[in-house]
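1 is the number of the first residue of the sequence shown in full-length UniProt numbering; add one for each residue after it. One structure is given below, encoded as structure tokens.
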Amino acid sequence: MSNIARPFLSFKGLIPYNKKDVDACFVKIDNLAAVFDARLRDYTFVATENISLGDLHAAGSWAFGLATILGPEWRAKHPHLMRWFNTVAASPIVKTPFAEVKLAEKALTYTPPKKQKAEKPKAEKSKAEKKKDEAKPADDAAPAKKPKHPLEALGKSTFVLDDWKRKYSNDDTRPVALPWFWEHYNPEEYSIWKVGYKYNDELTLTFMSNNLVGGFFNRLSASTKYMFGCLVVYGENNNNGIVGAVMVRGQDFAPAFDVAPDWESYEYTKLDPTKEEDKEFVNNMWAWDKPVVVNGEDKEIVDGKVLK
């Protein structure tokens, strides 16, 4: 299950750790476990009263998580699921492969990497060595300089965007990260925009809508050092939409977004954080913990992407 694999890979340092993504994975794991517990409270197996292929497949999916990131405390909260898993694992049909599955004595968790010691500066070359280097002919012409991003002309801001991105990734969003953001945000240096997809009526499956957002963010890579935000997918299959809030350097959205060929597929509305409704919209888009209100109707957030 991808929701088990992502935290495991993050904890092992095989992919970048993002606390928000990991927490979202554990919420989905808990929701799925609740479905199993509800069924297995009254039944021995998931499909019938005899072990079936469904049990073998499901137990195989749970096995990796139970051996790595789902420790004793988590297992104690799901007694019916664990009773079923142990029953399936002890079945003669699968006893041999499951014999190698050892439940984690302690859940694998995230350990921040140790800070590396700064390398000592290299000793300066002697005058003789410098002359020798200067005498060497250049092998190749100097590489052409990359054109500067137009937002570079705005200079360095007092609001350190990288500090905010780390805060968002490593701390709980609504209680910790968002208060920090509003305390440090400088509206003269950055503006915040509501970004909405223009063609929601053409969207079908929610995972495809989320892939659309992912592709858009990938094409914004040339501008990400000047941007931060989230786009979420709300609704359900064949009835969903894309919306979000994105902060950009400066007061114009175009220089940040026009590096992506499909930027005109979205509409951009400037938000005013001094207005409570605009500020709350930003909070909701970045926290993902409240429904999106569309034409007076609440639409649950089903997925999304973070641009950072």
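Glycine included, C-beta positions come from ideal geometry on N, C-alpha and C. All values derive from a computational prediction rather than experimental measurement.
As for any beta strand (DSSP E) of minimum length 3 sitting wholly inside the stretch 202 to 279, the runs are 227 to 236, 239 to 249 and 266 to 270, ordered along the chain. Counting the other CB atoms within 10 Å of its CB gives Met-208 a total below 16, which places it among the exposed residues. With respect to Ser-169, Lys-19 sits close: the two C-beta atoms are nearer than 9 Å. Membership of Gly-65 in the alpha helix (DSSP H) is indicated by the continuous run 53 to 68. Looking from the CA of Val-232, the closest CA among Leu-307, Glu-202 and Ala-89 belongs to Leu-307.
The C-beta distance from Val-292 to Tyr-234 rounds to 4 Å, short enough to meet the 8 Å contact threshold. Your pair Gly-65 and Ile-29 checks out as a contact, with CB atoms roughly 7 Å apart and the cut at 8 Å. No Cβ-Cβ contact shorter than 9 Å links Leu-9 with Ala-67. Here the stretch 77 to 90 makes contact with the stretch 44 to 58; the two share three or more CB pairs at distances below 8 Å. In the structure shown, Ile-93 adopts coil according to DSSP, grouped into three states. A straight line joining the alpha-carbon of Phe-216 with that of Leu-108 spans about 33 Å. Of the residues Lys-225, Leu-220, Ser-61 and Arg-219, the one whose Cα lies closest to the Cα of Phe-159 is Lys-225.
Exclusion of the five residues before and after Lys-167 leaves Val-176, Ala-177, Trp-180 and Phe-181 as the residues of its chain whose Cβ lies within less than 8 Å of its Cβ. Membership of Lys-194 in the beta strand (DSSP E) is indicated by the continuous run 190 to 197.
Contact between the stretch 182 to 194 and the stretch 246 to 261 is present, with at least three C-beta pairs closer than 8 Å. Per DSSP, reduced to three states, the secondary structure at Lys-308 is coil, with no helix or strand assignment.
The three-state reading of DSSP puts Glu-297 in strand, counting E and B together.
The beta carbons of Asn-284 and Gly-241 sit about 14 Å from each other, so the pair does not count as a contact at 8 Å. Taking all protein chains shown into account, Asp-162 has fewer than 16 neighbouring C-beta atoms within 10 Å of its C-beta and is therefore exposed.
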